[in-house]
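Written out below as structure tokens is the structure these notes cover.
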Amino acid sequence: MRRLESLRADAGVLLSLMRGMPRGVPHEQRLQAFYAPQAAHYDAFRERLLQGRRELIGSLPLPANAAVVELGGGTGRNLDFFSTQQWERIARFELVDLCPALVERAQLRAAADARIRVHQADATTWRPQRLVDCVYLSYALTMIPNWRAALDNALAMLKPGGTLAIVDFHVSEERPAPGLQRHSLFTRRFWPAWFGHDGVKLDATHLPALRAALPQHQLVEARAAVPYLPLIKVPFYRFVGRKPVTD
Ligand SMILES: C[S@@+](CC[C@H](N)C(=O)[O-])C[C@H]1O[C@@H](n2cnc3c(N)ncnc32)[C@H](O)[C@@H]1O
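Below, the structure written as structure tokens:
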């Protein structure tokens with residue numbers, strides 16, 4: 007019975023994925039049109055698709071009384087990945103997302119904790135009142151058309167020495183820097199085309215831009231299975247960088 011319900015929920019999400027993102031309307035409206043019909047089942051489906059989130063969050067270095075921001079936080083699913091010990095170190099948490107249907111879900115999830123504020127706003131322009139210790143994006147950079155503005159904004163809201171962490175899909179450059187994985191031509195062509203229909207832009211320049219902005223970092227590249235797509239796996243990375251301290 008439960009299996010039937012979950013298959014039915016998956017079918018609704020798959021239908022939204024097949025319809026894809028509408029074109030020719032502002033980004034906020036595109037997100038709302040895409041996510042509103044699948045918002046109730048978003049978490050269950052993405053659980054299997056968006057790998058590495060728990061590991062990224064578990065690896066965040068948080069000082070005592072930390073101020074943390076998630077940009078493109080969606081339903082707030084990632085709040086549950088923080089351990090009790092991590093929550094003991096967090097004084098202020100701000101979740102920012104542009105899509106009203108997902109923000110509504112995040113507000114419900116965060117309602118019981120006065121430290122958490124949820125903002126319906128654009129990750130490229132929203133700023134906290136004070137600089138923060140940690141900013142992270144989880145599968146959001148690939149969905150933000152002006153991702154460089156989001157990256158600049160994330161860096162600008164960080165204290166010197168603060169942490170910027172990102173987990174996301176990607177494909178490699180044709181000739182990546184030494185030490186980075188090189189993906190086959192098939193991988194570099196197939197995945198951007200597959201996800202592009204749903205407004206997810208796998209971009210070979212994300213990782214080089216992150217590495218250049220934050221030379222002090224840790225990086226893990228891996229592959230994840232995609233629901234209903236056996237045999238092939240999509241590349242993703244986890245990046246945790248420290249903002250330089252300059253005098
Ligand atoms: C794939 S979802 C990931 C959600 C969440 N971070 C997670 O891991 O479950 C990408 C999110 O980015 C949000 N998003 C896309 N463009 C945005 C923007 N310009 N500003 C804020 N959020 C944005 C979408 O609304 C969506 O919630």
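For the sequence shown, our numbering assigns the number 7 to the initial residue and increments by one for each residue that follows.
Glycine included, each C-beta is placed from N, C-alpha and C at the ideal position.
Owing to the predicted nature of the structure, the values given are computational and were not obtained by experimental measurement.
Distance between beta carbons of residue j and residue i, contact taken as under 8 Å
i: Ala129; j: Ile96; result: Contact doesn't hold; Cβ gap of about 20 Å is too wide.
i: Arg60; j: Phe99; result: With 8 Å as the limit, Arg60 and Phe99 do not qualify as a contact, their Cβ atoms being about 17 Å apart.
i: Leu66; j: Cys140; result: 6 Å
i: Phe40; j: Gly205; result: 7 Å
i: Ala46; j: Gly82; result: Actually they are not in contact, since the Cβ atoms of Ala46 and Gly82 sit about 14 Å apart, beyond 8 Å.
Spatial distance of residue i from residue j (CA atoms)
i: Arg188; j: His176; result: 11 Å
i: Ala118; j: Ala112; result: 11 Å
i: Glu180; j: Val31; result: 33 Å
i: Pro43; j: Pro184; result: 43 Å
i: His125; j: Val102; result: 5 Å
i: Ile172; j: Leu213; result: 10 Å
i: Lys207; j: Thr148; result: 5 Å
i: Gln35; j: Pro28; result: 9 Å
i: Trp93; j: Asp49; result: 21 Å
i: Arg121; j: Arg133; result: 17 Å
i: Thr252; j: Lys165; result: 11 Å
i: Ala334; j: Val240; result: Since the first residue of the chain shown is 7 and the last is 253, residue 334 is not available in this structure.
i: Ala199; j: Ala70; result: 43 Å
i: Met163; j: Leu85; result: 20 Å
i: Arg123; j: Phe196; result: 38 Å
i: Thr90; j: Ser190; result: 41 Å
Residue range of the beta strand (DSSP E) that includes residue i
i: Glu179; result: Where Glu179 is concerned, there is no enclosing beta strand (DSSP E), given that its DSSP letter is neither H nor E.
First and last residue of the uninterrupted alpha helix (DSSP H) at residue i
i: Arg52; result: 48 to 55
i: Ala72; result: That residue, Ala72, is in no alpha helix (DSSP H); its beta strand (DSSP E) goes 72 to 77.
i: Leu101; result: From DSSP, Leu101 is part of no alpha helix (DSSP H) but of the beta strand (DSSP E) over 96 to 103.
i: Phe40; result: 33 to 41
i: Asn159; result: 153 to 162
i: Gly64; result: 59 to 64
Chain-order list of residues whose beta-carbon lies under 7 Å from that of residue i (same chain, five-residue window excluded)
i: Gln38; result: Cys105, Pro106, Ala107
i: Ala228; result: Gly58, Phe242
i: Asn152; result: Thr130
i: Gln135; result: none
Contact set for residue i: own chain, Cβ-Cβ below 8 Å, skip 5 residues either direction
i: His223; result: Leu216, Arg217, Phe245, Val246, Gly247, Arg248
i: Gly26; result: Phe40, His203, Asp204, Gly205
Just to confirm the assignment: which complete beta strand (DSSP E) runs, minimum length 3, are found wholly within the segment 108 to 150? As far as the segment 108 to 150 is concerned, its whole beta strand (DSSP E) runs of at least 3 residues are 122 to 126, 138 to 144.
Could you tell me which uninterrupted beta strand (DSSP E) segments, each at least 3 residues in length, are contained entirely in the segment 193 to 249, listed from first to last along the chain? As far as the segment 193 to 249 is concerned, its whole beta strand (DSSP E) runs of at least 3 residues are 223 to 232, 235 to 248.
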